[in-house]
Every structure is written in C-alpha cells, then in structure tokens.
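Below: the structure, in structure tokens.
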C-alpha cells in the first residue's frame with residue numbers, strides 16, 4: 001500500500017528507488033555475448049526519468065489495497081514500454097536526439113544496432129513481467145493487464161501516435177488532430193498506468209471509467225505542460241534538447257493556443273481530472289497531487 | 001483441425017492464405033496519418049514467407065482438436081513477432097539488407113523511421129492478439145501463451161540471439177556458441193510455435209516436453225539447412241542476399257562442420273525430431289512432414 005503519509009516528493013523518490021531496484025533484479029548481466037545488450041537496457045532503464053507511469057500505477061493500486069511489490073512490478077512493465085519507446089524515438093532515423101535525462105541517448109552511448117535491440121528487448125520484457133505468476137494468482141487479471149498494455153503500446157497507442165508525430169513534419173495539424181496525436185503517443189500509456197493499477201485491484205471495467213477519465217485529463221495536462229516547458233524551459237534543467245518541434249514547424253498546444261490559453265487549458269484539465277476522483281476519499285490524495293504536479297513541475 | 005489428408009504442400013498453401021487473410025482483417029488501413037504505418041505493416045506481413053511458425057502452431061494444435069480459427073490467430077501472433085524481427089534485422093544499422101522474400105525490405109520500400117515503427121507495432125500486435133478473449137475462454141491459457149511468446153521474443157530468445165549474432169562479427173564462435181546463438185535467434189520462436197499449439201490444446205507443461213524437444217531439433221535442422229542453402233543456394237530463388245555471413249567472417253554450421261558433416265547432422269536431427277513424436281499416431285504426421293521439409297526445401 002501507498003503510505004497514507006507519502007507526500008508527492010517522497011512518493012516520487014520512493015518509486016524511483018523501487019523501479020531502479022526492480023530493473024536491477026530483472027536484468028542481471030550475463031557472461032556471454034549478450035552482455036552489451038543487457039548493459040544498454042540497464043543504461044536506459046535505470047536511474048533516470050520521473051517514473052510517472054509506475055507512480056500512477058502504484059498510487060491507483062494503493063487505493064484498492066494491492067500489495068505494493070506487485071504494483072511496482074507492473075509499474076516496471078509500464079516503464080519498460082516507456083523506456084523502449086524513448087530509445088527508439090531518439091534514434092537517428094527518428095528524432096536523432098543526443099541527450100536524454102541529461103546523459104547520452106542509448107545509440108550514442110552504445111551504437112544504433114544495440115539501441116534498436118535494447119528497445120525491442122525492453123518491449124518483450126514488459127510482457128514477460130506481466131506473464132509471470134507472481135503478478136497475480138488470478139489469470140484473468142494477468143490477461144487483462146496484457147490486453148491493456150498491448151493496446152497502449154501498439155497502433156491504437158504509442159506506435160500509432162509516433163507515426164502521427166512523424167507525419168506532423170509534413171503537414172500542419174489542427175487542435176483536434178494534435179489532441180488525438182498526444183492521446184495516442186503519451187496519453188494511452190498514462191491511461192494504461194492508472195487502468196492497470198485498478199485491474200490489479202480487481203475493479204470492474206465499468207467502475208474503472210472515472211479513473212480512465214482522470215488519466216485522460218492528466219495525460220493531456222501533462223502534454224500541454226510539456227509543450228509549455230519546451231517553449232519556455234531550460235535545456236540544462238530538462239536534460240534534453242528543447243524547441244525541436246517549433247524548429248521543425250510542428251503544431252503544438254502552445255503554437256495553436258498561445259502560452260496563456262495553453263496554461264489555462266492545462267489548469268482546467270487538472271481541475272477536471274481531480275473532479276473525476278470525487279467518489280474517492282483521502283486514499284486518492286496521491287492521484288490528486290500527481291494531477292497538480294503535472295503542471296507545477298519544472299522539468 | 002488440420003485435415004488428415006493435408007499433404008505438406010497443401011498445408012503450406014492453406015496456412016499462407018489463412019495468415020494473409022488474418023493479417024488483412026487485423027490491419028484495416030485507417031483514414032488518418034497512421035495510414036503509412038499500417039501500409040508498412042501490411043507490406044511486411046502479407047504475402048511472403050514460408051509461414052513455418054503458424055504451420056507448426058496449427059499442426060500441433062490440430063493434434064489436440066483445437067479449433068483451427070483459434071490456432072491460426074495464435075499463429076499470426078507468432079508470425080507478427082517473426083516479421084517484426086525481420087524488419088528490424090534488415091535495417092541499415094543491423095544487416096542492411098535490400099531484399100526480403102524477393103521484394104524490397106520495408107525500410108527501402110518506405111523509410112527507416114516507418115520500418116522501426118512498423119516492427120514495434122507488429123511486436124505489440126502479437127500481444128494484442130493473445131490478450132483477446134476470442135483466443136480462449138480460459139485465461140490460464142491466454143496467460144501461458146503470453147509468457148511463452150514474451151520469453152521467445154526477449155533477452156532469452158530472439159533479441160538475445162540477434163545480439164550474439166552482432167557480436168559474432170568481432171569474434172569467432174565455436175560450435176557450442178553458434179548452436180546457442182541459433183537456439184536463441186531462431187530456435188526459441190520455433191519452439192514457442194509448437195509449445196503454443198500444445199498450450200491451446202491444454203496439454204500440461206510436463207506432457208509438452210517431447211514436443212519441445214521435437215521443436216528444438218527441427219529448429220536446429222532448419223538453421224543448418226539455412227546455412228547450407230546460404231552456402232550453395234541461388235540468390236534469385238532465395239529472394240534475399242546470400243553468403244553474407246561468410247563475407248563478414250562469421251562462423252556458421254557449414255564453416256565449422258563443412259557441408260558434408262553439416263548435411264549429416266541436419267539429417268540426424270530430423271530423425272531425432274521424428275523420434276520424439278513416437279507416442280503420437282497419424283495425427284502427428286504433419287509435424288513429421290515438417291521435420292523432413294526443413295532439410296528438403298530449396299529456399
């Protein structure tokens with residue numbers, strides 16, 4: 001369970017340690033020629049990132065008294081998918097990025113072939129984690145987790161969103177299309193993070209609906225805040241190159257709405273997200289804090 | 001069920017049509033900017049390849065009276081993984097291949113970014129298929145299928161084998177290491193094909209053991225035959241570049257054993273594979289034919 005007393009900074013620090021520890025246990029370095037692959041997976045997966053997806057999963061599962069060691073593992077499956085997508089997005093043929101979380105991107109620290117494979121192996125690792133019997137004795141739960149994660153990672157989720165993002169280099173998207181793009185590219189996995197926490201808590205699909213709506217609003221607010229940070233932020237603090245979308249002529253929430261309306265919109269989404277938690281008491285306070293954090297963060 | 005009268009050529013033709021039809025239904029072209037991604041997935045997945053993995057899955061499931069439409073879908077999940085791995089293996093940063101199944105590789109026909117994403121989306125599609133309730137009412141079965149496929153695709157399977165294959169460019173592997181490499185790179189998914197057919201048939205893990213040993217031997221025979229075809233074959237007939245391993249100085253079964261001993265070894269493995277089916281009657285004839293086909297094929 002989430003400690004009722006966890007403040008958000010404490011919760012973020014705690015989940016970061018747990019995720020690092022879980023990846024460390026999942027990825028022992030083999031003494032054969034696969035060594036470099038595992039080193040690249042560890043390089044990308046350990047010691048970086050806000051761990052928003054594991055936090056959302058663990059915070060949601062905590063509302064329904066799920067054992068924390070189980071929800072942390074499921075959080076690592078979500079983070080595995082997230083990290084794989086970052087490795088592939090950073091490749092020269094995609095965004096060609098040099099820095100991520102303040103260190104060299106995986107293909108720069110190793111090489112492109114190793115980076116492609118490390119992404120692929122982390123993609124598979126996510127489903128290996130979910131297939132494992134320690135996640136749940138209940139195979140319905142395990143199977144529902146797999147469906148939710150596969151949907152969030154495929155055509156109707158991250159991969160589809162990334163394709164739209166590439167297409168955005170050649171055409172100017174309007175606000176509904178940018179919204180759809182972001183719902184696929186980042187929203188789907190954030191929604192899956194909350195949904196999978198609730199699946200672990202054996203919450204029915206119908207009863208998960210307000211939680212999904214919370215996650216949808218948080219995901220959009222998070223993305224608008226990302227666009228604002230990208231527009232106004234500090235590259236050193238962000239640990240990655242900024243303003244690449246503007247340079248590439250891509251439409252963003254900030255370019256379409258202007259910074260002031262974008263900020264208002266993000267604020268409204270956070271309030272709406274919190275309103276979806278109205279049926280829950282203090283056990284949902286961490287989710288409320290996460291919603292506020294999406295627009296208060298500095299990186 | 002597999003028609004008892006299916007000869008191997010008829011069975012190969014039939015499964016090829018079924019797999020194409022299944023991918024066609026799974027991948028409708030969307031009328032949004034994801035269109036190019038789905039076109040690339042269809043380009044790579046439809047109308048090419050021997051469909052050995054779906055055939056092994058369907059032939060095994062047929063021994064245990066599994067509905068053929070279900071085993072074909074699971075076969076498509078296996079083929080999705082296989083096709084994704086071919087797309088990524090062909091990339092410029094990996095094997096840099098121009099031709100596959102007699103047509104341009106996906107990154108040549110589209111572009112590199114689309115090819116990386118098409119591979120990623122096919123990887124996710126495999127798990128979306130397995131998570132679907134039409135595969136089995138029984139969630140234990142669905143969950144066991146996910147575990148088997150994720151293991152075959154990750155570090156302890158295909159991705160790990162591909163990393164060893166890259167490492168083979170810089171060091172000369174001995175026979176046990178080449179054997180291990182091939183068991184990971186191609187053997188794991190072939191074994192999963194048979195195993196997943198048996199899981200659909202609700203065969204216990206213990207009772208699946210001889211089937212796994214059959215698959216292991218068939219997988220090695222298949223790879224030795226591939227090395228022989230690569231050594232002696234016709235590029236036009238193969239539809240891909242040949243003798244790349246020899247040019248790169250990589251050890252293969254043929255370079256380590258010589259063609260004559262390699263051929264004897266493949267023949268012995270086929271006989272051993274068939275011996276593992278001794279407890280089965282004519283319902284296993286298709287698997288016996290597949291074993292013989294691995295070394296009799298011309299491409």
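Chains as they are written, first to last, in full-length UniProt numbering: chain A, 1 to 299; chain B, 1 to 299. The C-beta atom is built at its ideal place from N, Cα and C for all residues, glycine as well.
7 angstroms Cβ cutoff, residue i in contact with chain A
| i | result |
| --- | --- |
| residue 57 of chain B | no |
| residue 286 of chain B | no |
| residue 187 of chain B | no |
| residue 127 of chain B | yes |
| residue 52 of chain B | no |
| residue 3 of chain B | Summary for residue 3 of chain B: the model assigns pLDDT 48, below 50, so the residue's position carries little reliability; its value from the coordinates is reported in the next sentence. False, the Cβ-Cβ gap to chain A never drops below 7 angstroms. |
| residue 164 of chain B | yes |
| residue 241 of chain B | no |
Closer than 9 angstroms at the beta carbon, the chain B residues around residue i
| i | result |
| --- | --- |
| residue 44 of chain A | Chain B residues near residue 44 of chain A: none, gap ~14 angstroms exceeds 9 angstroms. |
| residue 120 of chain A | 84, 85, 88, 119, 120, 123, 153, 154, 158, 159, 162 |
Which of helix, strand or coil DSSP assigns to residue i
| i | result |
| --- | --- |
| residue 50 of chain A | coil |
| residue 100 of chain A | strand |
| residue 229 of chain B | helix |
| residue 13 of chain A | helix |
| residue 213 of chain B | helix |
| residue 4 of chain A | Below a pLDDT of 50, predicted positions are generally treated as unreliable, and residue 4 of chain A, at 49, falls in that range; no measurement from the model is reported. |
| residue 63 of chain A | helix |
| residue 31 of chain A | coil |
| residue 160 of chain B | helix |
| residue 93 of chain B | coil |
| residue 172 of chain B | coil |
| residue 208 of chain A | coil |
| residue 299 of chain A | coil |
| residue 108 of chain A | helix |
| residue 238 of chain A | helix |
| residue 252 of chain B | coil |
| residue 202 of chain A | coil |
| residue 136 of chain B | coil |
Interface partners of residue i on chain A, CB under 8 angstroms
| i | result |
| --- | --- |
| residue 238 of chain B | Neighbours of residue 238 of chain B on chain A: none; closest Cβ ~23 angstroms, over 8 angstroms. |
| residue 116 of chain B | 88, 91, 93, 94, 116 |
| residue 37 of chain B | 155, 159, 160, 163 |
Chain A residues whose Cβ lies nearer than 9 angstroms to that of residue i
| i | result |
| --- | --- |
| residue 112 of chain B | 91, 92, 93, 94 |
Residue i: contacting residues in chain B (beta-carbon distance under 7 angstroms)
| i | result |
| --- | --- |
| residue 82 of chain A | Neighbours of residue 82 of chain A on chain B: none; closest Cβ ~13 angstroms, over 7 angstroms. |
| residue 192 of chain A | Near residue 192 of chain A there are no residues of chain B at all, since even the closest Cβ is about 12 angstroms away, more than 7 angstroms. |
| residue 97 of chain A | Within 7 angstroms Cβ-Cβ: nothing; residue 97 of chain A doesn't reach chain B, min ~13 angstroms. |
| residue 66 of chain A | Neighbours of residue 66 of chain A on chain B: none; closest Cβ ~18 angstroms, over 7 angstroms. |
| residue 150 of chain A | 124, 127, 128, 131 |
Where residue i falls, given that 16 or more other Cβ within 10 Å makes a residue buried
| i | result |
| --- | --- |
| residue 45 of chain B | buried |
| residue 171 of chain A | exposed |
| residue 311 of chain A | Nothing about residue 311 of chain A can be read from this structure; chain A reaches only from 1 to 299. |
| residue 208 of chain B | buried |
| residue 54 of chain B | buried |
| residue 85 of chain A | buried |
| residue 21 of chain A | exposed |
| residue 215 of chain B | buried |
| residue 128 of chain A | buried |
| residue 28 of chain B | exposed |
| residue 91 of chain B | buried |
| residue 269 of chain B | buried |
| residue 277 of chain B | buried |
| residue 18 of chain B | buried |
Min CB distance residue i to chain B below 7 angstroms
| i | result |
| --- | --- |
| residue 136 of chain A | no |
| residue 201 of chain A | no |
| residue 183 of chain A | no |
| residue 124 of chain A | yes |
| residue 196 of chain A | no |
| residue 153 of chain A | yes |
| residue 205 of chain A | no |
| residue 143 of chain A | yes |
| residue 167 of chain A | yes |
Beta-carbon neighbours of residue i, restricted to chain B and to distances below 8 angstroms
| i | result |
| --- | --- |
| residue 147 of chain A | 128, 131, 132 |
Cross-chain neighbours of residue i in chain A, by beta carbon under 7 angstroms
| i | result |
| --- | --- |
| residue 140 of chain B | 139 |
| residue 34 of chain B | 155, 160, 163, 164 |
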